[in-house]
Amino acid sequence: MTVSTIGNPMTRVDGRAKVTGRARYAADFNQPGQLYAVIVSATVGLGRITGIQAAEVERMPGVVALITHRNAEKLAYLPHKAGIDPATGERLHVLQDDTVRFYGQPVALVVADTLDHAERAATALRVTYEARPPLVDPMDPKAESIVPDTRGRVSPDRARGDADKAVAGAPVTLDATYEMARENHNPMEPHATIAAWSGDRLTLWSKSQYLVNEQAEIAAVFGMPVENIEVICPFIGGAFGTSLRTWPHVTLAALAARQVGKPVKLVLTRKQMFFTTGHRPRTLQRVALGATNDGKLTGVVHEGTGETSRYEQFMEALTAVTDYLYSCPNVRTQYRLTELDTGTPNHMRGPGEASGIFALESAMDELSYKLGIDPIELRRRNEPEKDEAENKPFSSRSLMQCYALGAERFGWARRTPEPRSMRDGRLLIGMGAATATYPAFHAPANARVRLLADGTVEVEAAASDMGPGTYTSMTQVAAETLGLPPERIRFRLGRSSYPQTPSHGGSWTMASVGSAIQAACIEAQAQVSRLATADSASPLYNVAAGELEWSDGRLRRRGETTGISYREIVAKAGAPIEADGSAQRDPEVAERYSMHSFGAVFAEVAVDPDVGTIRVRRIVGAYGIGRVVNPLLARSQCTGGMIGGMGMALMERTVLDSRDGRPVNAHMADYLMPVNLDIPELDAHFVDEVDPHVNALGVKGLGEIALVGTAPAIANAVFHATGTRVRSLPIHIEDVLTA
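For reference, each letter of the sequence shown is one residue, going 50 to 788 in the working numbering.
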């Protein structure tokens, strides 16, 4: 009998390569004779370049080239926008003019024979500017909000009923504003690109979550055929969205390599990653709720404003959750942008939803205390039977099951409802809960399967793996479909020349790429079946397709124990059997159902009442994500997301100097993130959820929802512990100090 592979907590197939150092990341692909490039960043926040003292630097030891807007190749910058690019505006044209749009913008590139020589020369270069004061604070009186130009992708304003009137006339109301700080991704692996030209062909070994888009973007920038570029990235050392877009350093590496005629390696510094590769935008939000005395919502208003650059309009789903999360006849959401003199923000884990749900779930918690109703019970009383915004049923919705499971594992029943009522010695103890949700996205994807004569199988897709275990989970899908042990599968990713896939972000890799691999495996089996039944020497010669079945990697007649293996059929064919597969969501099904993942997050904190320190003691999450391919990897995703949520709630904040837009804490000493000593007990659970509508595998995304909901759960726990409601993140010691 075939043993099921999907659902097993299989350890990572690439684990040994990572712990032994055999896994190669972008900066590891050193090329013979390569040179080293270092970016010189603007030291003003707005203005234009008036002078570059190039001669002295060009004479420094080892310097091969100094590239500025004065001598850089004029690039084509043809139109190109992928789904992850801002719909409105134009990306930065690097080293193409003398204009400085934000602090840290690349203004020169030094290329030298060693990294040391390149760094010394870059430090020595003197650039003068005609500077103007930048606007970098959305709270500045000069800052103005605009209605985003979505180009039809989404609507910035949505409404049903009359929410303002409903809130104003409700027996119980809440109207509050919430703020979330700007955050930077800060993965372990910095951005890196090695560029090498061979005639008119370009190879990029580059850290990328979206290889086929990086290929297309660089082709557009240089005005060259897409097929003349290959992007290679077999491993990513963390990304969280920062590598979804193709940032200027990739263009600079390719530009320099063509100009000097040798391969060029360019690795960003930690500081440069604070202003040239995007960030989670700072957001300001207002939530107004109206409810009956028994807790039924009568009106919801959610207004949000995010920051963006002046040259692009970055948008995220800041208010999207509010439309469908709870039952309410009157809902109004509004989304605005504030244009600032900074680099363009970028998608960061749980983009939009993580920020928006902090405001909504904090407001729901506040409302529960006003009503004197348990926070979970308040959510139960407002559980919708359908997506009321779209007027369609959910493909599956297990939110209440998540709350039940999470509350049981967390011990919510031990919580006393009054703030400041729970103590451990002198410490104040708080328990908080919040809802998590994220769309169950799906995008067209392709894959290729190749059956070899030695009995192994090669699987290829142009996907990425930034840490969630793509190598392993895709191996499990192929093994399950083909009925083979996982050790017989060789999954390959990280090349733009492989069958095209969507970005490795948005929690759709498993759903999209996994479904394509399943389809390719089924097509390979169909080819094998045709060969076996057409071969007069085969024991299955002329057997009708309906009488055949696959089991344990063998094709056999139903009810029989013998048959013929893949290896035997491929050997007789005399060549590998190759099959392509693709997967996309049925548009009729997509139109019929509202598809989302749901979860419930519980947090316990301990607050020192004398000094205000906050320690997260434990977090429990329960999630409804459809079919779980690998529980071990899934729990790892959840605990990682919880840690990210801890950073959002208590630590992470990028601070800009209002005089020039300089990030004053662009290093790991002052940009605080959770470290090992901060990590509490983390526990993740999954409800049994069957959803046949989302995709062929029945899986929903997990990477994003694992972070969504954690920050408000912690903030709600802080209120329960202290009685002080903090509406801005991160929460500081001074926010909770009491007299």
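Backbone N, C-alpha and C fix where the C-beta goes; we use that ideal spot for every residue, glycine too.
Check the DSSP bridge columns for residue i and list the partner residues they point to.
| i | result |
| --- | --- |
| K314 | Y85, I243 |
| I278 | L251 |
| M480 | E653 |
| V149 | G96 |
| Q258 | Beta-bridge pairing links Q258 to no other residue. |
| A632 | A494 |
| H734 | A671 |
| T354 | L333, R385 |
| E361 | G138 |
| L597 | R606 |
| V112 | A161 |
| V748 | G675 |
Three-state secondary structure (DSSP) at residue i?
| i | result |
| --- | --- |
| A412 | helix |
| V775 | coil |
| L726 | helix |
| P625 | coil |
| I101 | strand |
| W557 | coil |
| S578 | helix |
| F540 | strand |
| Q334 | strand |
| F768 | helix |
| G608 | coil |
| I782 | helix |
| Q383 | strand |
| P155 | strand |
| R169 | helix |
| A340 | strand |
| V716 | Note that residue 716 is His in the sequence shown here, rather than Val. H716 falls in the coil class under three-state DSSP. |
| Q567 | helix |
| S552 | coil |
| A161 | strand |
| A268 | helix |
| R616 | helix |
| M229 | strand |
| E263 | helix |
| E139 | coil |
| V349 | strand |
| I754 | coil |
| T117 | strand |
| S376 | coil |
| S585 | coil |
| N90 | The identity of residue 90 in the sequence shown is Ser, whereas the question assumes Asn. Residue state, collapsed to three classes: strand. |
| I422 | coil |
| V739 | coil |
| V592 | coil |
| L304 | helix |
Roughly how far, in whole angstroms, is the beta-carbon of residue i from the beta-carbon of residue j, given that I think they are within contact range, below 8 Å?
| i | j | result |
| --- | --- | --- |
| V316 | A76 | 5 Å |
| V736 | A683 | The Cβ separation is near 12 Å, so there is no contact. |
| V508 | R541 | 7 Å |
| N79 | K314 | 7 Å |
| T566 | A510 | Residue 566 is actually Ile in this sequence, not Thr. That pair is a contact at about 7 Å. |
| G94 | A212 | Not really, about 39 Å apart at Cβ, beyond 8 Å. |
| S404 | L367 | 6 Å |
| G106 | V159 | Note that residue 106 is Val in the sequence shown here, rather than Gly. Contact flag correct, Cβ pair sits at about 7 Å. |
| P312 | H769 | At roughly 57 Å, the Cβ-Cβ gap does not stay under 8 Å, so P312 and H769 are not in contact. |
| P155 | S90 | 6 Å |
Closest Cβ-Cβ distance between residue i and chain C: below 9 Å?
| i | result |
| --- | --- |
| V562 | Of the chains in the structure shown, none is chain C; there is only one protein chain. |
Continuous beta strand (DSSP E) assignments of at least 3 residues falling wholly in the segment 502 to 531: 506 to 509
Length at least 4, wholly inside the segment 643 to 713: the alpha helix (DSSP H) runs in chain order: 680 to 699
Is the segment 235 to 252 touching the segment 288 to 302, taking contact as three or more C-beta pairs under 8 Å? Here the segment 235 to 252 makes contact with the segment 288 to 302; the two share three or more CB pairs at distances below 8 Å.
Three Cβ pairs or more, each shorter than 8 Å: is that satisfied between the segment 334 to 343 and the segment 220 to 228? yes
Segments assigned alpha helix (DSSP H), at least 4 residues, entirely inside the segment 53 to 85: Entirely contained in the segment 53 to 85, the alpha helix (DSSP H) runs reaching 4 residues are, in chain order, 64 to 69.
Only counting runs of 4 or more residues, tell me where the alpha helix (DSSP H) segments fall wholly within the segment 172 to 227, in order along the chain. 212 to 217
Inter-stretch contact (C-beta, 8 Å, three-pair minimum) for the segment 259 to 268 and the segment 87 to 103: no
Runs of 3 residues minimum, wholly inside the segment 427 to 498: which ones carry the beta strand (DSSP E) assignment? 476 to 488
Should the segment 550 to 557 be called in touch with the segment 620 to 637, which here means at least 3 C-beta pairs below 8 Å? no
Using 8 Å as the cut-off, can you tell me whether the segment 139 to 148 makes contact with the segment 296 to 305, which would need three or more C-beta pairs spanning the two stretches below that distance? Counting Cβ pairs under 8 Å, three or more are found: they touch.
Decide yes or no for the touch test of the segment 579 to 588 against the segment 429 to 437: beta carbon pairs closer than 8 Å, at least 3 of them. no
Is it a yes or a no for the segment 725 to 740 touching the segment 702 to 714, going by three-plus beta-carbon pairs under 8 Å? no
Taking three-plus beta-carbon pairs below 8 Å as touching, is the segment 624 to 636 in contact with the segment 489 to 504? yes
Three or more C-beta pairs below 8 Å linking the segment 475 to 491 and the segment 754 to 762: Yes, the segment 475 to 491 touches the segment 754 to 762.
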